[in-house]
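Undergrad: Quick one: the structure is below, questions incoming.
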Amino acid sequence: MSFETAGYQLLPVLPELVLAVGAMALLMVGAYRSQDATRLVTGLAVGLLAVVGVLELMLPAGKLTTFGGSFIVDDFARFLKILALIGSAATLILSAEFLADPSRRIFEYAILVLLSTLGMMVLISAGDLIMLYLGLELMSLALYVVAASNRDNAKSTEAGLKYFVLGALSSGMLLYGASLIYGFTGTVSFAGIAAAATTGSIGIVFGLVFLLAGLCFKVSAVPFHMWTPDVYEGAPTPVTAFFASAPKVAALAVFTRVALTAFPGIVSQWQQIVIFVAIASMVLGSFAAIGQSNIKRLMAYSSIGHMGFALVGLAAGTVEGAQGVLVYIAIYVAMTLGTFAVILTMKRNGHHVETISDFAGLSRTNPLLAFFFAMLLFSLAGIPPLAGFFAKFYVFVAAIKAGLFTLAVVGVLASVVGAYYYLTIIKVMYFDEPLAKLDPMRMELRTVLGVAGLFNILFFVYPGPLVSVATSAAKSLF
Amino acid sequence: MILTALFFYLFAGVCVASAVMVIASRNPVHSVLFLILAFVNAAGLFILMGAEFLGMILIVVYVGAVAVLFLFVIMMLDVDFAELREGFLEYLPFGLVVGAIFLAELLLVGGGWVINPDVAKSISSAIPANVSNTEALGLVLYTKYIHYFQIAGMVLLVAMIGAIVLTLRHKVSVKRQDINVQNARTPELAMSVRKVAVGQGLQDTDAPEWVK
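Those sequence lines, one after another, are chains A and B. According to our numbering, the first sequence is numbered sequentially starting from 1. According to our numbering, the second sequence is numbered sequentially starting from 1001.
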């Protein structure tokens, strides 16, 4: 296959093209089918994501670039794109019940998730600031809409509006930073910026600060995290699962790529910012979660903390650090999807229950579910030999090798504090008096929970493949 | 040269003054009108700088579409702006601090530019000579930058889908026009002839089937 337009190779963007055209085709299917098309469109969307993933893996190996270097497909992009696709597909599967409700049969939900995924793929592959911004907006705009997709619910609408207003603010900051960087380097491409930004002039550093502030908002790192708990609580639960998985992958990917490929000359400048953000996120994520009684709010603080841990790896600024970030985010996605499968199962008499006390005595009414959930929580807390331990292990080793001892120590202490609230849930499940039995678990939730749970439990048996893929992905950035 | 400077200060002065009036005026409709004035003056500044395409597009898009849309929204929505402005004094110190920080940053960055003239040399893509803005943009927008253009199109598609998802409601009570049904109407369906008894008038039961 060799087809091109305006002198550009199109092969590297083939998966994105298929996704874009497929999403539009599904939109037509949904719009022109006379009876309700939600199930059909959602099913086809999952299939489309799988096809895109296969295409991504079938692209020729090595680093491919097109559109004058503004679109990069390297091992780093491949790894994270596959992860984002898995996250999106799993979210669509988790949403089946939400969409089956006759009061909100919106087939557009799947289309918006697909278009958001397209934005993520563009974002992950972005090789310049314009591509970065377009990818970010495409991803976020669809997210704002799905946050408000339960539009008859005041909380969902509030979540969507809040996310939109703050997201627009962060886009403004990002654009301000990008324009400063462009003004002081004269180029928007990451490679060009890297060549120009060797001395760290004050203008470039200001631009960098604003750019990173915008990106911190997207990964919900402290001090740009305020929207997270409200949006996570207000949005419909499957949408929250989506927010916590795929967009985080894309945002962290672009954070890493910008820091490591556009500003390798001024590592010391952005390193301080990342260290501060990482410490603040880890500490706030751990302490603020203690007082939460709503499991979705708790997961919001948990995700803030986890982003802090992932950024520890980036702060190192080395190959090991980048590899740590990649391993972390992969394991984080698996843990999050599993946890949300459990939260979606929490239904009594047809109503979703969301408080932590609703988990009381789950070990007696539903022992297998309680076991899997306990394993996921242990893993989130980072207890060996579960996957979450290895995730933290790699980032902390990278930080120590880079000489960032304080950061590693604070990180370990924060994870101890964080373990407290995860263990509280386990205590409620295993030692409190049981409540009424839950409604039976749906098939698709079982599948997602089973896969995510087994991955978490059995990761230590054979961690080789993920770690080696992450290593080669990290090396492709340097 | 003096004329250019004169126009620059005219446009810039009116622009800043009307921007102040946007937030200072009590009537929201006046605010929008001042916003339009600010846009027009900003367009003038662009034209002075030789960016005539940007200047014109600012007038067409911002003045022609966005600001007028604002005006409609403000006139249609019954927003109590007096109530909204109540917190103004409360947040004023915070706003002043943020404003001061931004001003300091702008001065620093601007200062860096003036003090370090080498920066201007690092700019890689020169302004094309003997080509108008519109032509220069047209040469690259659909060729070199086709991918940006297409992705921007996808962003707009998302906006369109989003607007429909969030606002469209299929109401059963709304009567819709069905052209097929209208065309298929025959005189027998549309009217009926009744014999009206003297002193009785038409009864409800006499109505044709489609009225019931």
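All residues carry an ideal CB built from backbone N, CA and C; glycine is no exception. Because the structure is a prediction, the values reported are computed rather than measured.
1) With Phe164/A as the anchor, note down where its alpha helix (DSSP H) starts and where it stops.
2) Spatial neighbours of Ala241/A within its chain, please: CB distance less than 6 Å, with the 5 preceding and 5 following residues excluded, ordered by chain position.
3) Between Glu1105/B and chain A, is any beta-carbon pair separated by less than 9 Å?
4) Please go through the same chain and pick out, in chain order, the residues whose beta-carbon is closer than 6 Å to the beta-carbon of Pro229/A, but skip the five residues on each side of it.
5) Using 10 angstroms around the beta-carbon of Gln323/A, count the other beta-carbons present and answer buried if the total reaches 16, otherwise exposed.
6) For Ala1038/B, which residues of its own chain have a beta-carbon under 6 Å away from its beta-carbon, when the five flanking residues on both sides are left out?
7) Have a look at Leu1048/B and Leu284/A and give me their C-alpha separation to the nearest angstrom.
8) When you compare only the Cα positions, how much space is there between Thr66/A and Asp74/A?
9) How many Å lie between Leu1096/B and Leu1035/B at the Cα?
10) Between Ala96/A and the rest of its own chain, which residues show a CB-CB distance below 6 Å, the 5 nearest in sequence each way excluded?
11) Output yes if chain A places a C-beta closer than 9 Å to the C-beta of Gly1138/B; else output no.
12) Should Val231/A and Ala147/A be called a contact, given that it needs their Cβ atoms to be closer than 9 Å?
13) Consider the Cβ of Tyr1148/B: report whether some Cβ of chain A lies at a distance smaller than 9 Å.
14) Which value, in whole angstroms, describes the spacing of the CA atoms of Asn1027/B and Leu1156/B?
15) Measuring straight from C-alpha to C-alpha, what distance separates Leu1139/B and Asn1130/B?
16) Mapping the DSSP letters down to three states, classify Arg348/A as helix, strand or coil.
17) So if I threshold CB-CB distances at 9 Å, which residues from the region 1155 to 1167 of chain B count as touching chain A?
18) Compare the C-beta of Ala1019/B against all C-beta atoms of chain A and say whether one is closer than 9 Å.
19) Could you give the C-beta distance for Ala253/A and Gly321/A, rounded to a whole number, given that I count them as a contact under 8 Å?
20) Here's the rule: buried if 16 or more other CB atoms are within 10 angstroms of the residue's CB, otherwise exposed. What is Asp36/A?
21) Does Leu1108/B come within less than 9 Å of chain A when only Cβ atoms are used?
22) Are there 16 or more other CB atoms within 10 angstroms of the CB of Glu56/A, so buried, or fewer, so exposed?
23) If you draw a straight line from the alpha carbon of Val1060/B to that of Leu1054/B, how long is it in whole angstroms?
24) According to DSSP, is Ser149/A part of a helix, a strand, or is it coil?
25) Can a CB atom of chain A be found closer than 9 Å to the CB of Lys1144/B?
26) Whole angstroms are fine: how far does the CA of Val18/A sit from the CA of Gly52/A?
27) Mind pulling the chain B residues with CB within less than 9 Å of Leu141/A?
28) Classify Thr1205/B: buried if its beta carbon has 16 or more other beta carbons within 10 angstroms, exposed otherwise.
29) Identify, in the order they occur along the chain, each residue of the same chain with its Cβ nearer than 8 Å to the Cβ of Lys347/A, setting aside the five sequence neighbours on each side.
30) Looking at the structure shown, is Tyr8/A part of a helix, part of a strand, or coil, going by DSSP?
31) Decide if Ser468/A is buried, meaning its Cβ has at least 16 other Cβ atoms within 10 Å, or exposed.
32) Report buried or exposed for Gly234/A, applying the criterion of at least 16 other Cβ atoms within 10 angstroms of its Cβ.
33) Starting from Val29/A, find everything on chain B with Cβ-Cβ shorter than 7 Å and list it in chain order.
TA: Taking the structure as given:
1) From DSSP, the alpha helix (DSSP H) with Phe164/A extends over Ala154 to Thr185.
2) Within the same chain, and ignoring the five residues on either side of Ala241/A in sequence, the residues whose Cβ sits closer than 6 Å to its Cβ are Thr91, Leu94 and Phe340.
3) Yes, Glu1105/B counts as interfacial toward chain A.
4) So the list reads Arg297 and Ala300, once near-sequence residues are dropped.
5) Counting every other CB atom within 10 Å of its CB across the protein chains shown gives Gln323/A a total of 16 or more, marking it as buried.
6) Excluding positions up to five away in sequence, the list reads Cys1015, Ser1018 and Ala1019.
7) Straight-line Cα distance between these residues: approximately 50 Å.
8) Approximately 12 Å between the Cα atoms of the pair.
9) If I take the Cα positions, the gap works out to 22 Å.
10) Closer than 6 Å at Cβ, skipping near neighbours: Glu444.
11) It does not: the Cβ of Gly1138/B has no partner Cβ on chain A nearer than 9 Å.
12) Annotated as proximal: Val231/A and Ala147/A, with beta-carbon spacing under 9 Å.
13) Interface residue, yes.
14) Rounded to the nearest angstrom, the two C-alpha atoms are 32 Å apart.
15) Rounded to the nearest whole angstrom, the C-alpha separation of Leu1139/B and Asn1130/B is 14 Å.
16) For Arg348/A, the three-state secondary structure derived from DSSP is strand.
17) When C-beta distances to chain A are compared with 9 Å, the residues of the region 1155 to 1167 of chain B below that value are Val1155, Leu1157, Val1158, Ala1159, Ile1161, Gly1162, Ala1163, Ile1164, Val1165, Leu1166 and Thr1167, in chain order.
18) Judged by the 9 Å Cβ criterion, Ala1019/B is not in contact with chain A.
19) So it is not a contact: roughly 14 Å between Cβ atoms.
20) In summary, Asp36/A is exposed, with fewer than 16 beta-carbon neighbours lying within 10 Å of its beta-carbon over all protein chains present.
21) In terms of beta-carbon proximity, Leu1108/B lines the interface with chain A, with at least one pair separated by less than 9 Å.
22) With 16 or more other Cβ atoms within 10 Å, it is buried.
23) So the two alpha carbons sit approximately 10 Å from each other.
24) Reduced to three states, the DSSP call for Ser149/A is coil.
25) Yes, because at least one Cβ of chain A sits closer than 9 Å to the Cβ of Lys1144/B.
26) Gly is not the amino acid found at residue 52/A; the sequence shown has Val there. Spanning the two alpha carbons is a distance of roughly 7 Å.
27) The contacting residues are Val1155, Val1158, Ala1159 and Gly1162.
28) With fewer than 16 other Cβ atoms from the protein chains shown falling within 10 Å of its own Cβ, Thr1205/B counts as exposed.
29) Here the set comprises Val353, Leu438 and Asp439.
30) Looking at Tyr8/A - three-state DSSP - the assignment turns out to be strand.
31) Counting the other CB atoms within 10 Å of its CB gives Ser468/A a total below 16, which places it among the exposed residues.
32) So Gly234/A counts as buried.
33) For Val29/A, no chain B residue has a C-beta closer than 7 Å to its own C-beta; the minimum C-beta separation is roughly 14 Å.
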